[in-house]
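A.B. asks:
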Amino acid sequence: MSRRRQQKADPSSEDEGSFANFSNEDVSMSGDSDSYSYDDSDSDSEDERRPRKEINLAKDSDEEDLERLVLGTKSADDFRAQLFAGNDFLPDVTDSKALVPATTAQDEDNKLKDVDDAMLFMVDTVGGGEGVIAHAEKKAEEQTDQPAWEDSDDERLTVSLAGVGRLRKLREFEGEDVVNGVEYSERLRAQYLRMYPLPEWAKPAGKKNKRRRRSSAAAGGSDESGLSGSEMDTDGEEGEDYEDVLPLDEFLRNVNAFAEDNDTRSTKRRKLRPETLDIQRTRDIPDGHKSGVSCLAFHPRHPILLSTSVSSVMYLHHVDAAAYPTPNPMLTSVQVRRTDLRRAAFLSVKGEDGEGQGEEVVFAGRRKYFHSWNLSTGAVKKVSKIAGHQKEHKTMERFRVSPCGRWMAVAASDRKGGGMLNILNAATMQWVAQARIDGRGGIADFQWWSNGEGLTIAGKDGQVAEWSLETKRTVGVWRDEGSVGGTVLAMGGRSGPKAVGEDRWVAVGNNSGIVNIYDRNELLVAGKKDKRDVEIKKLPTPARVLEQLTTAITILSFSPDGQLMVFGSNLKKDALRLVHLPSCTVYRNWPTEQTPLGRVSAVAFSADSSMMAVGNDSGKVRLWEIRG
């Protein structure tokens, strides 16, 4: 019988207290797993004088089976050997507190036995530089944008650059030959960027803004936000907030991000020939509307195109045919629920003092309200009631903003066959004045003078009225020759009479497909040049009568430089013509039978008159470049 069994059988034994104070610190383990010894340091003096006795605990079969199930080995020594395998230090079996090195040269060889050869060797290049693998790792550390995942096979892959003729251009020096897969992919990426450089619009906004602020600080200037360049660089919070904004947020905060360099941009444009026009089709707008395009408008200073449709969607596109990867990329799109957008326009809001207050986009549908979207702040406000207006508006889709940015005119409801226009302050949206025309059918169309000091209003019965904002009265009424029902009106050109807005040309289209072009210098009676004493001819003679179309004229517009006029009809396919001014001749070489126009619903010219956008009833917007 073992000692443990003796103690249990004899509870009054003197060694009972010794076993009660038995602890792990008192146990030392020898090579024999079945032999244990203990040292009872807490026993009394009588126990200390006793000789140390060894306890031999034999394992039965059940204990051995349990040990195999728990430890997975036949003995505790095998379990310790597996537990500390692969470590640099192993506990000594004779002393649990001693740690000695346990690795040898043979162990090192065993560790590297299963490692691939490609991971043990480094291929050095002929030039004597860094190894390919070390060079690739160094480049990976320098990259700011880390890849989403890495393929370990790329490091073991080797590619010969000198052996393939097409890959020799990827070498950094003449003697270079073999590179691994990681370096090979980096060389291919760098070669692609050399052939197709990254466009400006695709670069991170923070880097562009940081360079812009540094250049502004070097010049001692300030940006549009009112902060000088040095303040933008030294203020950490302002710099971090400005660099982390998204391109769209940056565009909403500062629309001047798309401004072109005025020094490199040519302000002079050569005169167009009257016989033939050098016009070339360029990349179309990639995003199409779900329904017909209702309105097109170019920004007056930036290469931005605005397009709307009755499907309640409005697009803003950056006009750049060379943009990569998508030409003419979309900046943003806005959907206005339950509103069929029929007209939209850019508005540079100016106060009474003439100072600018921000850029806005005004858009409306066949509803009793309209919206204004501030591009500087991104705020959208809804205007449902006009403060101080006298007449109700059944719809606010018929509006025009003045070129000066101070006024906005909205056609009111017809009353007793006549028509009225309510003039609003664009900054406050308050009613300022009312213009009206007496005639049968009401107002067909109206346009602001180029100086923003008045309007020209065309009635459906052929009457045309000149209304002055300064005097708030009609200064003259004249009749369109041969008109049986006016539809649209447009004005353009320069060097016109100052008494009626300085516009050179005015064109009126009617239901029969005829367009009359008038020289506004011939509208005034000779000798009457003063604004307050102006007299307009009752029946002026048109400078040219255009009869190329047979359906009602619905499109009529002048280019900003006054050298081109476009007119068309959406009632017939490919019914669009271009007119040269001042000769008033229609171009014969455009459009042709192969020109993909469709039923044209909207036309707009860019601010420099070098681009023309055409929208049709299928929702597509096509662009043409006018070269001369």
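First residue of the sequence shown? That's 405 in our numbering, and the numbers climb one at a time after it. Backbone N, C-alpha and C define an ideal beta-carbon position, used for all residues, glycine too.
Let me know the secondary structure DSSP gives A783 once reduced to three states.
C.D. replies: As a position in the sequence shown, residue 783 is number 379, starting the count at 1. Three-state DSSP puts A783 in coil, outside helix and strand.
A.B. asks: Mind checking which residues open and close the beta strand (DSSP E) that includes V738?
C.D. replies: For this step, residue 738 is matched to residue 334 along the sequence shown. Its beta strand (DSSP E) spans residues M734 to Q739.
A.B. asks: Check whether the segment 558 to 568 touches the segment 586 to 599, counting contact only when three or more Cβ pairs, one atom from each stretch, lie closer than 8 Å.
C.D. replies: At 8 Å Cβ cutoff, the stretches touch.
A.B. asks: Which of the three DSSP states is assigned to A552 in this structure?
C.D. replies: To locate residue 552, count along the sequence shown from 1; it is residue 148. A552 falls in the coil class under three-state DSSP.
A.B. asks: Counting beta carbon pairs with one atom in the segment 1004 to 1012 and one in the segment 698 to 712, are three or more of them shorter than 8 Å?
C.D. replies: Because the criterion of three Cβ pairs below 8 Å is met, the segment 698 to 712 and the segment 1004 to 1012 touch.
A.B. asks: What is the C-beta distance between D1045 and Y728, in whole angstroms, given that I count them as a contact (C-beta under 8 Å)?
C.D. replies: An answer regarding residue 1045 cannot be provided, because it is not within the stretch 405 to 1032 covered by the chain.
A.B. asks: How is the beta strand (DSSP E) around R1026 delimited, first residue to last?
C.D. replies: Locating residue 1026 in the sequence shown gives position 622, counting from the first residue. Segment V1025 to I1030, the beta strand (DSSP E) holding R1026.
A.B. asks: Exposed or buried, what is F577 when buried is set at 16 or more other beta-carbons lying within 10 Å of its beta-carbon?
C.D. replies: To locate residue 577, count along the sequence shown from 1; it is residue 173. With fewer than 16 Cβ atoms within 10 Å of its Cβ, F577 is classed as exposed.
A.B. asks: My guess is that V881 and A869 are in contact by the Cβ rule of under 8 Å, so how many angstroms apart are they, rounded?
C.D. replies: Within the sequence shown, numbered from 1, the residue matching residue 881 stands at position 477. Within the sequence shown, numbered from 1, the residue matching residue 869 stands at position 465. V881 to A869, Cβ: 5 Å. Contact.
A.B. asks: Could you tell me which of I827, V892 and R883 sits nearest to N914, measuring between CA atoms?
C.D. replies: Taking the first residue of the sequence shown as position 1, residue 914 is located at position 510. The option with the nearest alpha carbon to N914 is V892.
A.B. asks: Closest by CA to G896, which one among L975, L859 and R883?
C.D. replies: On the sequence shown, residue 896 is found 492 positions in, with the first residue counted as 1. When each option's Cα is compared against that of G896, the closest is L859.
A.B. asks: Considering only their Cβ atoms, is the gap separating D744 from V1025 smaller than 8 Å?
C.D. replies: Within the sequence shown, the letter at position 621 stands for residue 1025. Within the sequence shown, the letter at position 340 stands for residue 744. Against a cut-off of 8 Å, the Cβ pair of D744 and V1025 comes out as no contact.
A.B. asks: Exposed or buried, what is K772 when buried is set at 16 or more other beta-carbons lying within 10 Å of its beta-carbon?
C.D. replies: Walking along the sequence shown from the start, residue 772 turns up at place 368. K772 should be labelled exposed.
A.B. asks: By DSSP, does N925 sit in helix, in strand, or in coil?
C.D. replies: Start at 1 with the first residue of the sequence shown, and residue 925 comes out as number 521. Reduced to three states, the DSSP call for N925 is helix.
A.B. asks: Under a three-way DSSP split, which group does M800 fall into?
C.D. replies: In the sequence shown, counting from the first residue as 1, residue 800 sits at position 396. If DSSP states are grouped into helix, strand and coil, M800 belongs with coil.
A.B. asks: Less than 8 Å between the C-beta atoms of A768 and R746, yes or no?
C.D. replies: Translated into positions along the sequence shown, residue 768 becomes position 364. Translated into positions along the sequence shown, residue 746 becomes position 342. Yes.
A.B. asks: With C-beta atoms as the reference, is F702 less than 8 Å away from S963?
C.D. replies: As a position in the sequence shown, residue 702 is number 298, starting the count at 1. As a position in the sequence shown, residue 963 is number 559, starting the count at 1. No, the Cβ-Cβ distance between F702 and S963 is not below 8 Å.
A.B. asks: Rounded to whole angstroms, what is the Cα-Cα separation between R669 and Q595?
C.D. replies: Numbered from its first residue, the sequence shown carries residue 669 at position 265. Numbered from its first residue, the sequence shown carries residue 595 at position 191. Since pLDDT at R669 reaches only 47, below the 50 mark, its modelled position is unreliable, and no value is offered.
A.B. asks: If distances are taken between C-alpha atoms only, which option among R924, S987 and T954 comes closest to L975?
C.D. replies: Translated into the one-based positions of the sequence shown, residue 975 becomes position 571. For the residues R924, S987 and T954, the minimum Cα distance to L975 belongs to T954.
A.B. asks: On the DSSP bridge assignment, give the partners of H722 in chain order.
C.D. replies: What you label residue 722 is simply residue 318 of the sequence shown in a count that begins at 1. Paired residues: I708.
A.B. asks: Give the secondary structure of G585 by DSSP, where H, G and I count as helix, E and B as strand, and everything else as coil.
C.D. replies: The residue labelled residue 585 in the question sits at position 181 within the sequence shown. Residue state, collapsed to three classes: helix.
A.B. asks: Using DSSP with H/G/I as helix, E/B as strand and the rest coil, what is G880?
C.D. replies: Mapped onto the sequence shown, residue 880 falls at position 476. Strand, per DSSP.
A.B. asks: If I measure Cβ to Cβ from S854 and keep anything under 7 Å in the same chain, skipping five residues before and after, which residues do I get?
C.D. replies: Residue mapping note: residue 854 aligns to position 450 of the sequence shown, counting from 1. Here the set comprises P807, G905, E906 and D907.
A.B. asks: Report the option in Q739, E679 and S715 whose CA atom is closest to the CA atom of H693.
C.D. replies: Residue 693 sits at position 289 when you count from the first residue of the sequence shown. Of the candidates Q739, E679 and S715, the one whose C-alpha sits nearest the C-alpha of H693 is S715.
A.B. asks: Which partner residues of I940 appear in the DSSP bridge assignment?
C.D. replies: By one-based count along the sequence shown, residue 940 stands at place 536. L928.
A.B. asks: Per DSSP, what kind of secondary structure is A816 in: helix, strand or coil?
C.D. replies: Looking up residue 816 in the sequence shown gives position 412. Here A816 sits in coil by DSSP.
A.B. asks: Can you give me the C-alpha to C-alpha distance between M1016 and G972, rounded to a whole angstrom?
C.D. replies: Indexing the sequence shown from 1 puts residue 1016 at position 612. Indexing the sequence shown from 1 puts residue 972 at position 568. Whole-angstrom Cα-Cα distance: 14 Å.
A.B. asks: Helix, strand or coil: which one does DSSP assign to P558?
C.D. replies: As a working note, residue 558 is residue 154 in the sequence shown. The sequence shown places Asp at residue 558, not Pro. DSSP places D558 in helix when its eight states are reduced to three.
A.B. asks: Classify G809 as buried or exposed, calling it buried when 16 or more other Cβ atoms lie within 10 Å of its own Cβ.
C.D. replies: Within the sequence shown, residue 809 is the residue found at index 405, counting from 1. With 16 or more Cβ atoms within 10 Å of its Cβ, G809 is classed as buried.
A.B. asks: Compare the C-alpha of D1021 against each of V990, D1012, K977 and G866 and name the closest.
C.D. replies: For this step, residue 1021 is matched to residue 617 along the sequence shown. Here the closest residue by C-alpha is K977.
A.B. asks: Strictly under 8 Å for the Cβ-Cβ distance: is G696 near chain B by that measure?
C.D. replies: Absence of chain B from the displayed structure is noted, only one protein chain being present.
A.B. asks: Does the Cβ-Cβ distance between Q867 and I847 come in under 8 Å?
C.D. replies: Counted from its first residue, the sequence shown places residue 867 at position 463. Counted from its first residue, the sequence shown places residue 847 at position 443. No, Cβ-Cβ distance for Q867 and I847 is not below 8 Å.
A.B. asks: Classify E951 as helix, strand or coil using the three-state DSSP reduction.
C.D. replies: Numbered from its first residue, the sequence shown carries residue 951 at position 547. Correct three-state label for E951: coil.
A.B. asks: Select from T875, Q967, P1000 and A911 the residue whose C-alpha is nearest the C-alpha of V1018.
C.D. replies: Within the sequence shown, the letter at position 614 stands for residue 1018. Here the closest residue by C-alpha is P1000.
A.B. asks: Can you tell me where the beta strand (DSSP E) holding W994 begins and where it ends?
C.D. replies: For the purposes of this step, residue 994 is taken as residue 590 along the sequence shown, with counting starting at 1. That residue, W994, is in no beta strand (DSSP E); it is neither H nor E in DSSP.
A.B. asks: For the segment 948 to 988, which segments carrying the beta strand (DSSP E) assignment without a break, of at least 3 residues, lie completely within its bounds, in sequence order?
C.D. replies: The segment 948 to 988 contains these whole beta strand (DSSP E) runs: 948 to 950, 959 to 962, 968 to 972 and 980 to 984.
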